[in-house]
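Residue numbers (our numbering), protein chains in the order written: chain C, 149 to 432; chain V, 36 to 330.
Next up, the structure:
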């Protein structure tokens, strides 16, 4: 009894996700999409999916480096732009972020890093939403299921979006989808990184490989295994405990803010409508 | 005798009843143009699926003149179409109307409302409490109609087969999920097994009409199917794409299948009822019915 990686039938997933993107554009009345392109596999995959769904001409990929960002990231982002032939813009966030970072101080260097990273992630989302208004487009999210479950992301930063096409794909599944889409090899091969400070990698920061995290999350979430069963299946007990706690602690990041119920019918509690209904579409 | 069936595998628009009536009319014309004598539409074809509190806004009576008018546009053709029904007592049901020449000749209210996982039907609609077959005339005699989740309970198709149905029509809105294994979508494999089994064990033809399209994060997978009474596939629709799936079942084949494999006539319904009575009593914690312990 081992804990397997979640599998994926990439062609089926591609069909489902591209149809999803198309229908979200159609239902909201937007014909264009904006994606923040970091040069990593997640945003590259989303850009490929967006171009496949609505055409590269209708996709704006925004590159938003900070002065400490790796030049390789930008080179990889340009590989995606060139492969797709989509529109692109470069917005250097350094002059926007630095005044805010100058105001941030404290003794705990690890906590400072997180705060600085959050500022950058939220600044990128400010830029992205501004570009979406100018380009008449929806912001496409680039968070995957592994990150969402672990809460490894910045609320109202990289976790913000109008639609989340890869939000139900684990990182390891995403790689299979990226491969099927033709995402450049250089991007698939490199270690995942949020690139918020030099030499940062996700796996070093999380303290485990994505494959191990995916095995564990797939067992806990999708297959509803108990902690005991996960450990009996050979997953590291300390890692299991850490992930269980982290998933629970970050539940608040995955839910819309709760409303204090006062009236007979409350939005989101018992005033329940689909987003898509007559009159919900934007007049184009 | 050949009997031609059209399965309209398309995407209704959420909450847009009038638009959906026109969509249905278009697919009906295409199907009758290809000689269909019975046209099946998806579950909730006139309202869309993910309704939540839209239910009362899209509900209609089973005798709604719009349904009758749709049917009158296809003289002599049997229509099986899904809609939100409001009963006289203002009970809101996920229903399927069986119509011909403007007349309502049968009605099925979804018995099993999935309210688990991604499904929340029991919160917004009430369950039906009748399982019937409906006379549609020769050569079929009578047919059974069911809606999506109803087919995940073997009791319903088997009751309809025992009740004399020669054809089981299932109207569905099946969302794709679990694209995990390399075998493709796990839910689809499950559906195929069920349909094959009901056709084979019930010695009935099976028509499964599943919608396509997207609502919110749900993607409906299509893949409508028509099966002969021996479980063979007569026609099958594509995944995810709109399509009209047309095929013919042969009632002579059904006749010889039932002669060669008399499963239905061998079924020991009185024994089944006796055992069901016992199980019902035991599940309710009541004394077992009389007759227990006799040899």
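Each residue gets a CB set at the ideal place from its N, CA and C atoms; glycine is no exception.
In this text the structure is predicted, and so the values were computed from the model without any measurement.
**Study point:** Check whether residue 203 of chain V and residue 131 of chain V have beta carbons under 7 Å apart
**Key:** Cβ distance not < 7 Å, so residue 203 of chain V and residue 131 of chain V don't count as in contact.
Point to revise | Where residue 217 of chain V falls, given that 16 or more other Cβ within 10 Å makes a residue buried | key: Reliability fails at residue 217 of chain V, whose pLDDT of 45 lies under 50, so the model's placement of it is uncertain and no value is given.
Review point. Looking only at its own chain, which residues have a Cβ that is under 7 Å from the Cβ of residue 343 of chain C, when we skip the five neighbours before and after it?
Key: Same-chain partners within the cutoff: 186, 217, 218 and 221.
Review point. Among residues of its own chain, excluding the 5 on either side of residue 251 of chain V, which ones have a beta-carbon nearer than 8 Å to its beta-carbon?
Key: Only 85 meet the Cβ criterion.
Check your understanding: So residue 378 of chain C is in the alpha helix (DSSP H); what residue range does that whole segment cover?
Key -> Start and end: 375 to 380.
Exercise for review: Taking C-beta pairs closer than 8 Å, name the residues in chain V that residue 197 of chain C reaches, listed in chain order.
Suggested key: Chain order gives no chain V residues near residue 197 of chain C, where near means a beta carbon separation below 8 Å; the closest approach is about 14 Å.
Review point. Along chain V, in chain order, which residues have C-beta atoms closer than 8 Å to that of residue 425 of chain C?
Key: Against chain V, the beta carbon of residue 425 of chain C has neighbours under 8 Å at 49, 50 and 89, listed in chain order.
Check your understanding: Counting contacts by CB-CB distance shorter than 7 Å, is residue 407 of chain C in contact with chain V?
Key -> No, because no Cβ of chain V sits closer than 7 Å to the Cβ of residue 407 of chain C.
Review point. DSSP beta-bridge partners for residue 121 of chain V?
Key: Paired residues: V/127.
Practice item. Keeping to the same chain, check which residues put their C-beta closer than 8 Å to that of residue 224 of chain C; ignore five residues upstream and five downstream. Key: Closer than 8 Å at the Cβ level, and outside the excluded window around residue 224 of chain C, lie 187, 188, 192, 332, 334, 335 and 338.
Point to revise | residue 309 of chain C beta carbon less than 7 Å from that of residue 287 of chain C | key: Yes, the Cβ-Cβ distance between residue 287 of chain C and residue 309 of chain C is below 7 Å.
**Study point:** Nearest to residue 317 of chain C (by Cα), restricted to the options C/304, C/387 and C/295
**Key:** Per the C-alpha coordinates, the member of C/304, C/387 and C/295 positioned closest to residue 317 of chain C is C/295.
Point to revise | Any chain C beta carbon closer than 7 Å to residue 217 of chain V | key: Only weak support is given to the placement of residue 217 of chain V: the predicted model assigns it a pLDDT of 45, under 50, and the question is left unresolved by the model.
Check your understanding: Which of helix, strand or coil does DSSP assign to residue 256 of chain V?
Key -> Three-state result, residue 256 of chain V: strand.
Check your understanding: Ordered along the chain, which non-local residues of its own chain (more than five positions away) have a Cβ less than 6 Å from that of residue 269 of chain V?
Key -> Excluding residues within five positions, the ones whose Cβ falls inside 6 Å are 261, 263 and 282.
Check your understanding: Name the residues in the region 162 to 195 of chain C whose C-beta lies less than 7 Å from a C-beta of chain V; which are they?
Key -> Cβ proximity to chain V below 7 Å picks out 163, 164, 167, 168 and 171 from the region 162 to 195 of chain C.
**Study point:** Residues of the region 345 to 377 of chain C whose Cβ lies closer than 7 Å to any Cβ of chain V, in chain order
**Key:** Listed in sequence order: no entries.
Review point. Got a sec: which bits of the region 323 to 340 of chain C sit with their beta carbon under 7 Å from any beta carbon on chain V, in order along the chain?
Key: Here the close residues number zero.
Review point. Hey, how far is the Cα of residue 141 of chain V from the Cα of residue 134 of chain V?
Key: For the pair residue 141 of chain V and residue 134 of chain V, the Cα-to-Cα distance works out to about 7 Å.
**Study point:** Identity of the residue in V/193, V/55 and V/108 nearest residue 64 of chain V by Cα
**Key:** If we check each option's Cα against that of residue 64 of chain V, V/108 comes out closest.
Check your understanding: Counting only beta-carbon atoms, is residue 85 of chain V nearer than 7 Å to chain C?
Key -> Closer than 7 Å to some Cβ of chain C, the Cβ of residue 85 of chain V qualifies, so yes.
**Study point:** CB contact below 7 Å: residue 151 of chain V versus chain C
**Key:** By this cut-off, residue 151 of chain V is not an interface position.
Review point. Quick one: any contact between the region 161 to 172 of chain C and the region 378 to 397 of chain C, if contact means 3 or more CB pairs under 8 Å?
Key: Between the region 161 to 172 of chain C and the region 378 to 397 of chain C there are fewer than three C-beta pairs closer than 8 Å, too few to call the two in contact.
Check your understanding: For residue 95 of chain V, which beta-bridge partners are listed by DSSP?
Key -> BP columns for residue 95 of chain V point to V/120.
**Study point:** residue 273 of chain C to residue 304 of chain C span [Cα, whole Å]
**Key:** Near 7 Å, if we compare the C-alpha coordinates of residue 304 of chain C and residue 273 of chain C.
Check your understanding: Within the 7 Å Cβ cut-off, does residue 249 of chain V reach chain C?
Key -> By the rule that beta-carbons nearer than 7 Å mark a contact, residue 249 of chain V touches chain C.
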